[in-house]
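A.B. asks: First residue of the sequence shown? That's 616 in this note's numbering, and the numbers climb one at a time after it.
Backbone N, C-alpha and C fix where the C-beta goes; we use that ideal spot for every residue, glycine too.
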Amino acid sequence: FNFIPGKVKRLPADLKVPHIGWNQLHVKRPDPLLEGISEGSFVYFVHSYYAEPEETDDVLATTDYGMEFAAIARKGNVWATQFHPEKSQEVGLRLLRNFAMM
Numbered sequence: 616f617n618f619i620p621g622k623v624k625r626l627p628a629d630l631k632v633p634h635i636g637w638n639q640l641h642v643k644r645p646d647p648l649l650e651g652i653s654e655g656s657f658v659y660f661v662h663s664y665y666a667e668p669e670e671t672d673d674v675l676a677t678t679d680y681g682m683e684f685a686a687i688a689r690k691g692n693v694w695a696t697q698f699h700p701e702k703s704q705e706v707g708l709r710l711l712r713n714f715a716m717m
C-alpha cells in the first residue's frame with residue numbers, strides 16, 4: 616500500500632538474524648506518540664528485516680543493532696514500529712496509550 620514510502624531490507628548477513636532482544640530508542644523528532652517516553656528507553660525487537668523510509672523526516676526514532684535503522688516511522692496519520700510495543704513493558708504500554716488517546 617506504500618503508506619510510508621521506502622524499502623524493506625534484510626538485516627546484513629554479518630549480524631545475528633533474527634534480531635531478538637531489547638534495544639534503545641533514539642528519538643529523532645518529537646511526536647505525540649512519544650509523549651512521556653524517554654530518550655534511550657528500551658523496547659523489544661524480533662525481526663529479520665527493517666524498513667528504510669525514503670524521507671528521513673518520516674523517522675521518529677531509530678535504534679542500533681550493528682547499524683542504525685528506523686524503530687518508529689510516521690507519515691501523516693500512519694505510524695509504524697519495528698519493535699513489539701505489546702512486549703515492551705511500560706514503554707510499550709505508554710506508546711499504545713498515547714496512540715489510543717489520539
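Evaluate the contact criterion for the region 669–682 versus the region 638–653: three or more CB pairs, one atom per stretch, below 8 Å.
C.D. replies: The region 669–682, when compared against the region 638–653, does touch it at the 8 Å Cβ threshold.
A.B. asks: What does DSSP give as the partner residues of K690 in its beta bridges?
C.D. replies: Numbered from its first residue, the sequence shown carries residue 690 at position 75. DSSP lists V693 as partners of K690.
A.B. asks: Should T671 go down as buried or exposed, given a rule of 16 or more other Cβ atoms within 10 Å for buried?
C.D. replies: As a working mapping, residue 671 is identified with position 56 in the sequence shown. The residue in question, T671, is exposed, as its Cβ has fewer than 16 Cβ neighbours within 10 Å.
A.B. asks: Since F698 contacts Y659 with CB under 8 Å, what's their CB separation in whole angstroms?
C.D. replies: Along the sequence shown, one-based indexing puts residue 698 at 83. Along the sequence shown, one-based indexing puts residue 659 at 44. Right, their Cβ atoms sit about 6 Å apart.
A.B. asks: Could you tell me which residues DSSP pairs with E669 in its beta bridges?
C.D. replies: Numbered from its first residue, the sequence shown carries residue 669 at position 54. Answer is none; E669 lacks a bridge partner.
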